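Visitor: Take 1 as the starting number for the sequence shown in full-length UniProt numbering and just add one per residue.
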Amino acid sequence: MKVRSGPDVTPRTIKLILLLISRSNQLDESLERLVAAEEFERGLLHPQLARELYTLPSEVLLARAAKEMVLELEKTKQEQDEALQRLEASLKKLSEVRSNLAEIQRLLKEARVRARKMNDELLQVVKALENARAELPRQAVDRYMESAGFKEGLKRMSRVTYEYGYRVALARFHALHPDSEVEEDPFIIHPEDDLVPMERQQAFDDSDPPES
Numbered sequence: 001m002k003v004r005s006g007p008d009v010t011p012r013t014i015k016l017i018l019l020l021i022s023r024s025n026q027l028d029e030s031l032e033r034l035v036a037a038e039e040f041e042r043g044l045l046h047p048q049l050a051r052e053l054y055t056l057p058s059e060v061l062l063a064r065a066a067k068e069m070v071l072e073l074e075k076t077k078q079e080q081d082e083a084l085q086r087l088e089a090s091l092k093k094l095s096e097v098r099s100n101l102a103e104i105q106r107l108l109k110e111a112r113v114r115a116r117k118m119n120d121e122l123l124q125v126v127k128a129l130e131n132a133r134a135e136l137p138r139q140a141v142d143r144y145m146e147s148a149g150f151k152e153g154l155k156r157m158s159r160v161t162y163e164y165g166y167r168v169a170l171a172r173f174h175a176l177h178p179d180s181e182v183e184e185d186p187f188i189i190h191p192e193d194d195l196v197p198m199e200r201q202q203a204f205d206d207s208d209p210p211e212s
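#1: Let's see if you can read the secondary structure: which residues bound the alpha helix (DSSP H) around H174?
#2: For L73, is the beta carbon positioned less than 6 Å from some heavy atom of the ligand ATP?
#3: Enumerate in chain order the residues of its own chain whose CB-to-CB distance from M162 is below 6 Å, with the five nearest sequence positions on each side excluded.
#4: Cα separation between A134 and R143?
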């Protein structure tokens, strides 16, 4: 089987191809310049950039564009680094705030415990004070009952009661026995008694008199 080969490429054909490529590049540059001119007329393109598009070769423009892209990338990277630093600073500050918040919560908890303890102590003090107030009148009564004045008053009250009872009994005796006589009233004041020395407060003796 015979394999068919392609057409022969002669030097003339190669020259034609290169010429077409060259003209194609020139056409692309012409189109770019036409677009740049249109944008310049509409005010969308800077005059210096428009002038460079007309005067500089494509290689120079590409190199400049590549350089500008590198600079833009470096600027973007720097901005990202700065943003990252700000983010790290914010995270650090947030961590400090959380740490401070935890410390504040701990102090608040301790303050609540101390306040609860002080409240319990205050309740105990109030209760003790109320008990003391309730006990104070009782203690005062006990002290008064143990005093000499109270005991002397009891004696005087006993004597008055005894004298009153005697007089009541004597009156009833006279009512029942009008013809009977009593030799002497023990409570009658005799003038001769004033000459007998006696202390102002005399102990009352309610014991039985000795037999005569």
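Idealized CB from N, CA, C, for every residue including glycine. The structure presented is a predicted model; accordingly, all values stated were derived computationally and were not measured.
Guide: A quick look at the data gives this:
#1: Here the alpha helix (DSSP H) through H174 covers A148 to L176.
#2: Of the ligands one can find in the structure shown there are none, so the ligand ATP has no counterpart to examine.
#3: Rather than Met, the amino acid found at residue 162 in this sequence is Tyr. Only residues of its own chain outside the window of five on either side were considered, and among them none has a CB closer than 6 Å to the CB of Y162.
#4: Taking the CA atoms as reference points, A134 sits about 15 Å from R143.
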